[in-house]
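Here the structure comes first, spelled out in structure tokens, and everything after it is commentary.
Protein chains: 2
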Amino acid sequence: MKKFGLIGGIGPESTIEYYQQIIKKFKELTNSNSYPDFLIQSIDMSKVLEHVSNQDESSLVEFLAKKIKIIENAKVDFGAMASNTPHIIFDKLSKQVNIPLVSIVEETCKIAKSKELKTIGLLGTISTMTNGFYQNVAKKHGIHIVIPTKNQMDYVHDKYINELLYRNIQQETKNKLISIVHDLSKKHAIKGLILGGTELPLILNQDDFENIEILDSTKIHVDTIVRMMISE
Amino acid sequence: MKKFGLIGGIGPESTIEYYQQIIKKFKELTNSNSYPDFLIQSIDMSKVLEHVSNQDESSLVEFLAKKIKIIENAKVDFGAMASNTPHIIFDKLSKQVNIPLVSIVEETCKIAKSKELKTIGLLGTISTMTNGFYQNVAKKHGIHIVIPTKNQMDYVHDKYINELLYRNIQQETKNKLISIVHDLSKKHAIKGLILGGTELPLILNQDDFENIEILDSTKIHVDTIVRMMISE
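Read top to bottom, the protein sequences are chains A and B.
The first sequence begins at 1 in UniProt numbering and counts up one residue at a time.
The second sequence begins at 1 in UniProt numbering and counts up one residue at a time.
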């Protein structure tokens, strides 16, 4: 069994989601009553958001590398960050640390590739949709990522921050999000849609779409993490 | 700021409760938008329960000491266990490790002492009520702990395991728990009541009692932990 360390707290609720999903997936894959042994280093999200909003990438890398050093000292074999946002500096960060980090973006794009989805939509915060970190990784895998219009992205971001983060699920919001996805589909013929934020699966799921494959990034991330934990 | 490590997973839901309460208390006490930096080592509860049910104290101490070694390597200044149950071997465990551990039992009894509560009731799982670890610590502080009758304890334990752990709150259960506490009060004139399990505050709180002080052990534990984290 490999030792795993999670960098959490960037969205505290998202860390809890990872915690619960890791335990559930572990029990499912091992088909046992055992619980996984793993470490969570919860960090100060206000520092992360400050560096992100100042677009100060080197401070963000330095800050996160220090936190990963803590789980390195605790002798974990690999790590991951429980949030999409800091993946903006994933490559630089990976070079600064001594353990492999599992990228939510890489894993999600790999699944899209294995399902032969060539053009896929992306929903998340404004930062996740527009900073290009999903787009760049997808491109390496021959996948084209498309995003909503500026107005639609503002709507998605606003509802994400002001409703979903509080687990406030409104039918009206759900309908509007579905129509934004249908609009993306009409314009770009998307075959898949990345839910690039932990709370999006609360409001959108596979049952809402007939010909679009839903890629729940957290679920995909957790799946890889747990498979790595139980690998020899 | 002191570095803190939590041993969690003994009840995974209880670990989430600690996580949320630590963040809330930290923001409250520091009056800031910052979030606390801390570590959680989540362990295999099935191993803990196995050693507890085999009454194999030395294996339990050895198992937990190894997990605490992990947070020691990560250079935390102090640790705590997010569950009442393993406090059965708290003293032995403390001697085996190199960091101070904050005991939920000690902190709860200290608060009872500071409030001059001489006789207090205890609710929790059968293990927590009958293994004597609360009683022994309380005695050192000149406090007498009383527990319900065998039948009443079976009822409390059953409802704890089969309803409260699933966050299933029944008015009938609440009424019966209140009547058990009133019975304790009639027989022993208790002035306080320890809620010795993370889920008990879901069903019982101060508003349910007029002349009995409610001691929420998790809340008291978290309060001490966060005060220690922010101390110089």
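Cβ coordinates follow ideal geometry from the N, Cα and C atoms, glycine included.
In this text, all values refer to a predicted model and were calculated from it rather than measured experimentally.
Residue pairing by DSSP places B:Gln41 opposite A:Leu39 and B:Ile7 in a beta bridge. Annotation for A:Val146: the continuous beta strand (DSSP E) segment containing it runs His144 to Val146. Counting other Cβ atoms within 10 Å of its Cβ, A:Gly142 stays below 16 and is therefore classed as exposed. As the crow flies, the alpha-carbon of B:Thr15 is around 31 Å from that of A:Gln96. Here the stretch 173-190 of chain A lies against the stretch 117-133 of chain A, with 3 or more beta-carbon pairs under 8 Å apart. Residue pairing of A:Thr218 in beta bridges, as defined by DSSP: absent, with no partner found. CA-to-CA, the gap between B:Glu213 and B:Leu101 works out to about 26 Å. Around the beta carbon of B:Ile169, a 10 Å sphere encloses fewer than 16 other beta carbons of the protein chains shown; the residue is thus reported as exposed.
Taking a contact as a CB-CB distance under 8 Å, the pair A:Ala74 and A:Tyr18 does not count as one, their CB atoms being some 17 Å apart. For B:Leu193, there is no enclosing alpha helix (DSSP H); the enclosing beta strand (DSSP E) covers residues Gly192 to Leu195. Checking the DSSP bridge columns, you'll see B:Ala80 partnered with B:Leu6 and B:Val102. B:Tyr35 counts as buried, since no fewer than 16 other beta carbons sit within 10 angstroms of its beta carbon. Looking only at B:Glu172, B:Val105 and B:Ile147, the smallest Cα-Cα distance to B:Lys140 is reached by B:Val105. The C-alpha of A:Gly9 is placed about 27 Å away from the C-alpha of A:Leu177. Taking 8 Å as the CB threshold, B:Gly192 stays off the interface with chain A. Secondary structure of A:Thr128 (DSSP, three-state): helix.
Residue state for A:Ile23 is assigned as helix, using DSSP reduced to three classes. Annotation for B:Ala189: Thr119 place their beta carbon closer than 7 Å to its own, counting only its chain and skipping 5 residues before and after. If you check the CB distance, A:Leu215 and A:Leu200 do not come in under 8 Å. Here A:Leu122 carries a strand assignment [DSSP, helix/strand/coil]. Per DSSP, A:Asn211 lies in no alpha helix (DSSP H) segment and is marked neither H nor E. Contact check for A:Phe26 against A:Asp77 fails: the beta carbons are separated by 8 Å or more. Chain-ordered listing is empty here: chain B has no CB closer than 7 Å to the CB of A:Tyr18, the nearest sitting near 11 Å.
Among the CB atoms of chain B, none fall inside 8 Å of the CB of A:Ala82. Of the candidates B:Ile89, B:Thr173 and B:Tyr134, B:Thr173 places its Cα closest to the Cα of B:Gln152. DSSP places B:His87 within a helical segment (H, G or I) once states are collapsed to three. If you look at B:Thr173, you'll find it in the alpha helix (DSSP H) that goes Gln171 to His188. Using a CB distance cut-off of 8 Å, B:Leu39 counts as an interface residue toward chain A. Inter-residue distance for B:Phe90 and B:Ile68 is about 12 Å (C-alpha atoms, whole angstroms). Using a CB distance below 8 Å, the part of the stretch 43-76 of chain B facing chain A consists of Ile43, Asp44, Met45, Ser46, Lys47, Lys67, Ile70, Ile71, Asn73, Ala74 and Lys75, ordered along the chain. The beta-carbon separation of B:Ile225 and B:Ala65, rounded to 20 Å, does not stay under the 8 Å limit for a contact.
Membership of A:Ser58 in the alpha helix (DSSP H) is indicated by the continuous run Glu57 to Asn73. Excluding its 5 nearest sequence neighbours in each direction, B:Glu72 has C-beta neighbours in its own chain below 6 Å: Asn98 and Ile99, listed in chain order.
Judged by DSSP in its simplified three-state form, A:Lys92 adopts helix. Within chain B, no C-beta atom comes nearer than 7 Å to that of A:Ser14; the closest sits roughly 12 Å away. Within the same chain, and ignoring the five residues on either side of B:His157 in sequence, the residues whose Cβ sits closer than 7 Å to its Cβ are Thr125 and Ile126.
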